[in-house]
Ligand SMILES: [Ca+2]
Ligand SMILES: [Ca+2]
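Residue numbers (full-length UniProt numbering): 1 to 307.
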């Protein structure tokens, strides 16, 4: 483990713990210069670590004997994922919390302020929060993404959080969730959804306007011409969408509320096949822009990607 002079980066696998490693930096070389502190020439030691799951991870030097600096790099690109000098104004130790996707390999650098060196402890934990709102409160610039939350205080589940609103859009427990569309129409919507943790796909159904409980039909993609359907709903991208295959209203790939079918569309034109008015549902062509259609009971669902 220990090296003298040139630091060989140690492999930590995907271990969590307090600490996961202890050592001393004084005999190491100065291989990194963290940007979050000024003119440090302190020696540093580094570790490779791979995220065991998707979610938040906290890296700290709590328990160290000197004024540390912590730097986190993407092991593949060397891009900085975060840097912290002082998480504590009394101990000058460091802490970083980042959201990582399962399998992401990072390089953790334990460095020192100025020329400081000494004994250190490196700790890695996977914090959980009660809700997406709690994540947002704890980490103000947390991005949209999957986080581990513990809404009941007894069981942790994965959640896809819309950090603009600080709400769950999708969780591993089936639930009714409220979002706001990211297109120009900026509509509040409600849906039922279920997140599959392994695939990062959120099944959505019963999608409708929050104010009127009607199918969303007035989206405006003008300001976001490249936005996909799921992106407009706040997700990363489209998964498997169920297209608008039924219609009863002239030229609109229409829906009928009494049918129980709900759709989402931002440019519902181009229903050239069987376009026209029907007294009953007829198979029509796909909408020009992809759309979600689903049933109220979830027997028909569309899927959006959360990563
Ligand atoms: Ca250094
Ligand atoms: Ca420090």
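Idealized CB from N, CA, C, for every residue including glycine.
Inset, instruction - Sort 58, 236, 125, 54 by Cα distance to residue 101 and report the nearest one. - result: 54
Inset, instruction - Return yes when at least one heavy atom of ligand 2 lies under 6 Å from the C-beta of residue 92, else no. - result: yes
Inset, instruction - Can you give me the Cβ contacts of residue 14 inside the same chain, cut-off strictly under 6 Å, excluding the 5 residues immediately before and after it? - result: 50, 52
Legend entry - Among 194, 23, 45, nearest to residue 9 - alpha-carbon criterion: 45
Inset, instruction - For residue 132, name the three-state secondary structure that DSSP assigns. - result: helix
Inset, instruction - Would you mind reading off the limits of the alpha helix (DSSP H) that contains residue 230? - result: 229 to 233
Legend entry - With 16 other Cβ atoms within 10 Å as the buried cut-off, status of residue 203: buried
Inset, instruction - Report the three-state DSSP secondary structure of residue 337 (helix, strand or coil). - result: Any property of residue 337 remains undetermined from this structure, which presents the chain solely from 1 to 307.
Legend entry - Cβ neighbours of residue 65 in the same chain (closer than 6 Å, five flanking residues each side left out): 118, 119
Legend entry - Environment of residue 304 [buried if 16+ CB atoms lie within 10 Å]: buried
Legend entry - Pick from 39, 229, 159, 91 that is closest to residue 308, judged by C-alpha positions: Beyond the ends of the chain as shown, which are 1 and 307, falls residue 308; an answer cannot be given.
Legend entry - 6 Å Cβ shell around residue 170 - same chain, five flanking residues per side excluded: 160, 193, 195, 202
Inset, instruction - Using a Cβ cut-off of 7 Å (strictly closer), state whether residue 237 contacts chain C. - result: The structure shown contains no chain C; it is built from a single protein chain.
Legend entry - Supposed close pair residue 130, residue 151 - CB separation, criterion 8 Å: 6 Å
Inset, instruction - Would you mind reading off the limits of the beta strand (DSSP E) that contains residue 84? - result: 80 to 84
Legend entry - Extent of the continuous beta strand (DSSP E) run through residue 146: 145 to 149
Inset, instruction - Would you check if the distance between the CB atom of residue 126 and the CB atom of residue 233 is smaller than 7 Å? - result: no
Legend entry - residue 240 versus 23, 306, 43, residue with shortest Cα-Cα distance: 306
Legend entry - Between the CA atoms of residue 122 and residue 21 - distance to the nearest angstrom: 5 Å
Inset, instruction - Determine the DSSP secondary structure at residue 19, reduced to helix, strand or coil. - result: strand
Legend entry - 7 Å Cβ cutoff met for residue 71 and residue 32: yes
Legend entry - C-alpha gap between residue 111 and residue 93, whole angstroms: 11 Å
Legend entry - Per DSSP, cross-strand counterpart(s) of residue 95: 60
Inset, instruction - List the whole-angstrom C-beta distance separating residue 147 from residue 99, where the pair is believed to meet the contact cut-off of C-beta under 8 Å. - result: 7 Å
Inset, instruction - Report whether the distance from the Cβ of residue 44 to the nearest heavy atom of ligand 2 is below 6 Å. - result: no
Legend entry - Neighbourhood of residue 79 by C-beta distance below 8 Å, restricted to the same chain and skipping five residues each side: 73
Inset, instruction - Using a threshold of 7 Å, state whether the C-beta atoms of residue 113 and residue 62 are closer than that. - result: no
Inset, instruction - Compare the C-alpha of residue 177 against each of 166, 83, 184, 185 and name the closest. - result: 166
Inset, instruction - Below 8 Å CB to CB, which residues in the same chain sit around residue 76 once its five sequence neighbours on both sides are set aside? - result: 105
Legend entry - Buried versus exposed call for residue 179 [16 or more other C-beta atoms within 10 Å across all chains shown]: buried
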